[in-house]
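Presented below is the structure to which this report refers.
Residue numbers (this note's numbering): 12 to 144.
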């Protein structure tokens, strides 16, 4: 069975673009790009590190909706507008995933749909069916 869910509440672009915030197929979970926007679509946080920390909150909420957690994350992809801030961004990633240690990539991009966005993160997870929760 495949479970496809929007953000809660749905984000401003999901229906228009045609994507889900999170999809679960069996033990596999994929979380679409998350930013630091609040429930009203307003970008929160000023620095890339602040924005990434908030985006990880959105990732965590999406995972929880399909019975997964940050501990299940096996891959992250961080899209950033300024790779020279890699240490700040890396520290924000390490604050969440320092003990989990998923594979990751940090990719510099030209920009996002809202120019105030400095980072976006995707996550893939695997929920081991043999582990009791």
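Cβ coordinates follow ideal geometry from the N, Cα and C atoms, glycine included.
How close, in whole Å, do the beta carbons of residue i and residue j come, if the pair is a contact with beta carbons under 8 Å?
i: residue 14; j: residue 35; result: 5 Å
i: residue 58; j: residue 88; result: Not confirmed; about 20 Å, so no contact.
i: residue 63; j: residue 132; result: 6 Å
i: residue 103; j: residue 60; result: 4 Å
i: residue 128; j: residue 94; result: At roughly 15 Å, the Cβ-Cβ gap does not stay under 8 Å, so residue 128 and residue 94 are not in contact.
Mind checking who residue i pairs with in its DSSP beta bridge?
i: residue 138; result: Paired residues: none, contrary to the question.
i: residue 39; result: 36 and 137
i: residue 118; result: 90
i: residue 54; result: 48
i: residue 100; result: Partner(s): none; residue 100 has no beta bridge.
Is residue i near residue j, with beta carbons less than 8 Å apart?
i: residue 74; j: residue 47; result: no
i: residue 137; j: residue 85; result: yes
i: residue 111; j: residue 130; result: no
i: residue 79; j: residue 107; result: no
Got a sec: is the Cβ-Cβ distance from residue i to anything in chain B below 8 Å?
i: residue 115; result: The structure shown contains no chain B; it holds only a single protein chain.
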